[in-house]
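**Q** Sending over a structure as structure tokens; questions will come in a sec.
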Amino acid sequence: MAKITSLDDLRKIKKNLEEQISLREKAENPESLVQIKVGMATSGIAAGAKEIFTFLVDELEKRNIPAIVTQTGDMGYSYAEPTVEVKLPGQEPVVFGWVTKEKADEIIEKYIRNGELVEGIIPQNYKTIDDK
Amino acid sequence: MSHIKIKLHENQLQFIKDTCKEFNYEPGELINILHKLQDKFGYLPSEVQEVVANELKIPTAKVFGVVTFYSYFTMVPKGKYPINICLGTACYVRGAEKILDEFKKQLNIKVGESTPDSKFSLNCLRCVGACGLAPVVMIGEKTYGRVAPDDVKKILSEYQND
Amino acid sequence: METVNITINNIQLEVPKSTTILQAARMINIEIPTLCHMKLEDFCIENKPAGCRICMVDVKGRRNLVPSCVTECTEGMVIETSSPRIINARRTVLELILSDHPFECLICPKNGKCDLQSLAQELGVREIRYTGEQSTYRMDTSQAIIRNPDKCIMCRRCELMCNTVQTCGVLSAVNRGFMSVVAPAFEQNLDHSPCTYCGQCVAVCPTAALTEVDQTSKLIQALADPDKVVVVQTAPAVRVTLGEEFGMKPGTIVTGKMVTALKRLGFDYVFDTDFAADLTIMEEGTELLNRLTKYLNGDKSVNLPILTSCCPAWVNFFEKNFPDLIDIPSTAKSPQQMFGAIAKNYFAKQLNIPREKLVVVSVMPCVAKKYEAQREEFRVNNDPDVNISITTRELATLIKQTVQDFNSLPESDFDRPLGESTGAGAIFGTTGGVIEAAVRTAYELYTKKPLPKIEFEELRGMDWIRKATVDFDGLKLNIGIAHGLGNARKLLEEIQAGKSEFHAIEIMACPGGCIGGGGQPQHHGKSEIIRARQKAIYEEDRRLPLRKSHENPYITKLYEEYLGHPMSELSHELLHTEYFQKQPEIIIEND
Amino acid sequence: MGTYKYHILVCGGTGCKSSQSTQIVQNLNEEIKANNLENFVKVVTTGCFGFCERGPIVKVLPDNSFYNYVKPEDATEIINEHIIKGRRVERLLFRDPVTNKPVTDSKHINFYQKQLRIVLRNCGVIDPENIEEYIARDGYLALYKCLNELTPTEVIDIIKRSGLRGRGGAGFPTGVKWEIAAASPGPEKYVVCNADEGDPGAFMDRSVLEGDPHSVLEAMAICGYAIGASHGLIYIRAEYPMAIKRLKIAIKQAEEYGLLGKNIFGTDFSFDIELRYGAGAFVCGEETALIHSMEGNRGEPTVKPPYPAVSGYKGKPTNVNNVETFANISPIIIKGPEWFASIGTEKSKGTKVFALAGKINNVGLIEVPMGITLREIIYEIGGGIKNDKKFKAIQTGGPSGGCLTEKHLDTPIEYETLVAAGSMMGSGGMIVMDEDDCMVSVAKFYLDFTVEESCGKCAPCRIGNKRLSEILDKITKGNGTMEDIELLKNLCMVIKDTALCGLGQTSPNPVQSTLENFWDEYVEHIVDKKCRANKCKDLIHYYIDPENCTGCMACARKCPVNAIAGERKQVHVINQDLCTKCGTCLETCKFNAVYII
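Protein chains in written order, with my numbering: chain A, 3 to 134; chain B, 8 to 169; chain C, 534 to 1124; chain D, 150 to 746.
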């Protein structure tokens, strides 16, 4: 290991680990972040939820949007799968149904970036796992 | 003609000498040296202290004064399974004393003593920092948390067959 | 000098910076009681652990009381030394100390001389409200010193003397909390420790936690035994201190009264260790010259410097700490033992009694002499050359039992033949004295010329280590002097390192020499007392008509009639000894 | 390096380790391997999460699922369900003690909600054995800033302006302390970190050292730069093997990365750090005693002045701060003194870590802003009193502190307010007591501790505390008199006034504060010979209620001294002469027939 002698050296190490650490830092402070949950019960996976999940993770990262994408169990909307729940900071969560890659792209660009509503919202008062 | 005779095995003597050398015969390192020797021998008998004093060129009385000042150091050999009952405040308010009494009763020894077969020795210590598990008992390296008086017999029986 | 302005009990004063509150108060005659504090000004020895918490005073602006013995005055400090809060605190703390102290003042060896007892008296303690468990320990009776740790109040004075001053490292604070006490390693007996029995711990102990082995009962029995002939020798330093035990000013010489008192006590003969001191000079001085001559002639088998050997604590010290140097000290026995050997052989023969019938008693300023008298090599058929050795303090106790008023006693003279002495013997009692006595004789023997002046000012004083060069008619003799074993250690380490510049070194274990011995009346931390004793020693020297050992007619007679000449074969047998290595021994134990 | 989608954080604090967290890590890794998830999931052993009551704790990121009471065998389920199938393992989730509902996200756990983490910023977040993770969290940036952009005087000025005070107990302003040490002349000076945490029931320093050792190392180097020292020493309890291990690793890594050693960041500042071990002496928390101990002596305190800042280790100027104090330094340098000073109260700035323990639902390590009330700590963070018992007292400040009551619950926590209430901040132990605790016995418990730990140097502490404990013992045995209370009061006052060091001067606090706040209990013990908490064996008697006794013989069989007589189906009777009051019969009886008077 070469010795650290400058600010750049410090920054280099920080950058290398940034991703990992930011994962933890974000988790420490989830209120300030966009939280996305992808319904990934068996039926969801069959309906392509896994691709959506990967797409969201990759794209958010590429587009530099700080967000936490997690998987969650069956949301209770099997008719509308794959489903994605998006919670913007300080707002109530919104669930989108029949999400495709294109739809996901739209959700990122319109809803997450600009707060514009996108079609496909399931207006139902569902229950999150927290309320069970 | 000498007034004190110290009996030690050759390898023990060598270990003590090596340890003192490792710390550069620095009297300021006395406590670190004693730690290392107690780790090795399990306790600090007078012979060990005499040799340390001799090597560091400090009075034996000083070494003894240090050994008897710190509760971590002991001149009594511990049992094969040293039992330590945490008597920190958190454990105390969650009934550590009852646990201690139970161990004393089961083993029929007092605090600081060993059983006649040298299998167990009983000691108290201050907080081990596992207050969430209070009351805590340590046997050797193993920690038992949330111990109730009724558990004591069972815990001891784990060591019955050794 | 930088000064600060302070106020003590509404009195304003200016004191030098770094003056303690205790010192400042004493400057204006305000007494603050102390217990653990002890300061021997002349020796730069100060014990101030601030542990007893008796000397507490109130400093305005401080939340708690502060110990006056260590707290230095600062500018504008306002101090109160005797408010009800302070009085209550002192009394309560003293009650606490008393509550952990055996209540046996009536039969305590320190009864009437105990600092704790006086303090209780001073503070008017009439009840001990706080009672409970007392910390008790095993009692330790060695050959010279008794440790009764139950009476230890943790003032730490003995620890300071044993470690810092004497560097013997026998005593240390051990254990923790309520059970802490000052003790040797493993709380073993002193006999199993590197103790030299110098007795400096005894000299400073405020209570009876450390006392000498009391041999007065044994002595009374011997005196009462009609079958025994009991002779006594008194060491040079006893006659200048004994008076203190009877309220006399320090430095009062009481030789004549002491002799009278001893006679009244029932001794058959009252002799003088000074006589044996003169004899020591003959032997040691001759040995010095022999070694010196050989050395100057290029004999490589000869070691220099030569070290004096009349101090038994010093002998113990090098035997236990410097086993590689045991062939350096003079082989001459100490005066006590020379006296014993001459008494049991020469004098017993004169009386025509077997040596067992003669009881030799010594009065010494020393507790190590008790041990020395019991050494194996100083016995013949298990009969010791010196049977009983008592301290100045023990003698005072005995005199108090038999003599109504010591102060008004008439003076009498020592008996002959072993009571005649010179000023050279007298100065054995102080640091620098032995070597001065030796120089007086060696000079004349070596140069065959009379001394131009008898007093060697350059060898005198109280400095820990002193050096002087004495001109032996062209031969420059480098002389070193050390008192206090810590200082002796420094000179010995120089010798070990091959850096010693000396031809001869005098060493005495106790600060000031025998006048500051462990068997002397307690100085209670006043080093001016030791100074006064030293003055008296030199006065005694000047008072005597003969001041060189080789001029003592009874010494000449002894050689003519009995020994032949110094270092003769008989001298070797009776007056010289050998030393033993006494370091801890490590035994390898293999299975 | 792959980009992990999941991090599984496993608490590696001593509390969780002693309940098999190492095994959990091992099992998780095995499961991950078995499912070929090595590049997808990373398991990190972190420092203490603080919530020790619930240990061992496992957190899954990014969704912040908080699993408690995890067992090694749960690893399979965590991987299979949570990671692979994306379903939380509900039975392991923390349940709110009030609603009994599972809480998914640790942020929503009350225990954490009121906390503000500065000192513990990295504990439970980073892998303490990996310096790069510390650096990634802006570690060693403060040291860089000090060495390259600030003069030592400016560093001291920042610390002074921040208002940071010593977290070891007395609360001396840290900046002023540094200033004195900086002003002491001499080329050789020392920075000492006091990690001899000895309060029974306190483990905050250990948690920092275990969870974020570099924060202390960096701060010590900054202190060294500020005061002109190039040597640092950490005096740590030998009873903390894991903290020692992590410190050793951290020092080694810092040396390898050139962040300790010669010419740090290419400047001419050099700094090294050595470890010194304590050996079980509470008094060594006092800085003069600590220094004597580091020099290989008995840890006896000496009178101050001279202060260590002037004459300390080896007689050289020495600055001693405790672990928590040091852990505050880097954030202050990076975020500025104004930021720090904006947290807390007028006189007490920043946060304080407390070890919350005793009869409380959420035992653990908490960090809260100064000025928070005891009520918030006990009822919101601590989740209230265990088993719905009634709150009686909270003991703060360790054995030197005092017992506070209901009436103090709304006092904001600051150095001064705690002292005014008869207790002290101390190093941050907080023990909650309920109606089952006898306050006279509690006072005696603390006194016994002080008696055990007194160094023995000064008479008031050596003998006085012993007498205090004996009088308390007499009272708990029913032999006390009202005069004893007067004796206690006087002795407390005198010990405080005359003892040599901080340990002795504060040792009567538990007695004084209980006398003050629980006077009635003392009087009951003395006059009525009663212990309302039924703790004092000599004052209680066990009886069997003939109404309820069914004669089942269970108690008689269990009684260890055969003090219970009675035939089957007949009412049993306890022989009071034989009874040792062990309480077994009470615990055994299923019919509520045993009662205490």
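Glycine included, each C-beta is placed from N, C-alpha and C at the ideal position.
Do C:Ile-612 and C:Thr-540 have their C-beta atoms within less than 8 Å of each other?
**A** Contact: yes.
**Q** Roughly how many angstroms separate the alpha carbons of C:Ile-839 and C:Glu-1034, rounded to a whole number?
**A** Those two C-alpha atoms are separated by around 12 Å.
**Q** Judging by CA-CA distance, which residue of C:Gly-994, C:Leu-978 and C:Ala-1021 is the nearest neighbour of C:Ser-1082?
**A** Measuring from the Cα of C:Ser-1082, the nearest candidate turns out to be C:Leu-978.
**Q** Check D:Gln-719 in the structure and name its three-state DSSP category.
**A** coil
**Q** With DSSP collapsed to three states, give me the class of C:Gln-1029.
**A** helix
**Q** In the DSSP assignment, the alpha helix (DSSP H) including C:His-1057 goes from what residue to what residue?
**A** For C:His-1057, no alpha helix (DSSP H) run applies, since DSSP gives it neither H nor E.
**Q** How far does the alpha helix (DSSP H) with D:Ser-662 in it extend, from its first residue to its last?
**A** For D:Ser-662, the enclosing alpha helix (DSSP H) begins and ends at 658-666.
**Q** Give the straight-line distance between the Cα atoms of A:Asp-10 and D:Ile-307, rounded to the nearest whole angstrom.
**A** Their Cα atoms are separated by approximately 25 Å.
**Q** Within the 8 Å Cβ cut-off, does D:Asp-586 reach chain B?
**A** yes
**Q** Suppose you measure from the CA of D:Gly-315 to the CA of C:Glu-605; what does that come to, to the nearest Å?
**A** 26 Å
**Q** Please report the distance separating the alpha-carbon of D:Asn-751 from that of D:Cys-433.
**A** Absent from the model: residue 751 of chain D. The displayed extent of chain D is 150 to 746, so no value can be given.
**Q** What residues in the segment 411-430 of chain D have a beta carbon less than 9 Å from any beta carbon of chain B?
**A** Of all residues in the segment 411-430 of chain D, Leu-424, Arg-425, Tyr-426, Gly-427, Ala-428, Gly-429 and Ala-430 have a Cβ within less than 9 Å of some Cβ in chain B.
**Q** Just to confirm the assignment: which complete alpha helix (DSSP H) runs, minimum length 4, are found wholly within the segment 592-661 of chain C?
**A** The qualifying runs are 617-632 and 648-655.
**Q** Against chain D, with Cβ distances strictly below 8 Å, would B:Glu-57 count as a contact?
**A** Judged by the 8 Å Cβ criterion, B:Glu-57 is not in contact with chain D.
**Q** Around the Cβ of D:Thr-214, are there at least 16 other Cβ atoms within 10 angstroms (buried) or fewer (exposed)?
**A** The residue asked about is misnamed: residue 214 of chain D is Ser in this sequence, not Thr. By the 10 Å Cβ count, D:Ser-214 comes out buried.
**Q** Bridge partners of B:Phe-127, per DSSP?
**A** B:Tyr-88
**Q** By Cβ distance below 7 Å, which residues in the same chain neighbour C:Met-534 in space, the five residues on each side in sequence not counted?
**A** Pro-549
**Q** Which residues of the segment 635-650 of chain D have a Cβ closer than 9 Å to any Cβ of chain C? Give them in chain order.
**A** Along the segment 635-650 of chain D, going in chain order, the ones with a CB nearer than 9 Å to a CB of chain C are Leu-636, Asn-639, Leu-640, Met-642, Val-643, Ile-644, Lys-645, Asp-646, Thr-647, Ala-648 and Leu-649.
**Q** Between which two residues does the alpha helix (DSSP H) harbouring D:Met-702 extend?
**A** Where D:Met-702 is concerned, there is no enclosing alpha helix (DSSP H), given that its DSSP letter is neither H nor E.
**Q** State the beta-bridge partners of D:Gln-544 as determined by DSSP.
**A** D:Cys-552 and D:Ile-580
**Q** The alpha helix (DSSP H) that contains D:Ile-371, what's its start and end?
**A** 362-376
**Q** May I have the straight-line CA-CA distance separating B:Ser-9 from C:Val-764, to the nearest angstrom?
**A** Bear in mind that the predicted position of B:Ser-9 carries a pLDDT of just 40, short of 50, making it too unreliable to give a figure here.
**Q** Assuming the contact rule is C-beta atoms closer than 8 Å, C:Gln-1116 and C:Pro-856 should be a hit. Round their C-beta distance to whole Å, please.
**A** 5 Å
**Q** Counting only Cβ pairs nearer than 9 Å, list the residues of chain B close to D:Arg-447.
**A** Lys-69, Gly-72, Val-73, Thr-75, Phe-76 and Tyr-77
**Q** So what's D:Met-150 in DSSP terms, helix, strand or just coil?
**A** Any reading at D:Met-150 must be qualified, since the residue scores a pLDDT of 34, below 50, and its modelled position is unreliable; no value is offered.
**Q** Taking the beta strand (DSSP E) that C:Met-897 falls in, what are its first and last residues?
**A** 891-897
**Q** What's the gap between the Cα of D:Ile-383 and the Cα of D:Glu-495?
**A** Rounded to whole angstroms, D:Ile-383 to D:Glu-495 spans 31 Å at the Cα level.
**Q** May I ask which residues mark the beginning and end of the alpha helix (DSSP H) holding C:Arg-973?
**A** 966-980
**Q** Return yes when the Cβ of D:Tyr-426 is within less than 8 Å of the Cβ of B:Asn-91, no when it is not.
**A** no
**Q** List, in order along the chain, the chain B residues whose C-beta lies closer than 9 Å to that of C:Arg-709?
**A** Thr-75, Phe-76, Tyr-77 and Ser-78
**Q** For D:Phe-503, count neighbouring Cβ atoms within 10 angstroms of its own Cβ and tell me buried if that reaches 16, exposed if not.
**A** buried
**Q** Which value, in whole angstroms, describes the spacing of the CA atoms of D:Leu-640 and C:Thr-625?
**A** 7 Å
**Q** If you follow the alpha helix (DSSP H) that C:His-1105 is in, where does it begin and where does it stop?
**A** 1102-1108
**Q** Per DSSP, C:Val-714 is paired with what?
**A** C:Val-707
**Q** Report the start-end ranges of each alpha helix (DSSP H) in the segment 223-265 of chain D that is 4 residues or longer and not cut off at the edges.
**A** You should have 259-262.
**Q** Count the other CB atoms, across all protein chains shown, that sit within 10 Å of the CB of D:Thr-647; report buried if there are 16 or more and exposed otherwise.
**A** buried
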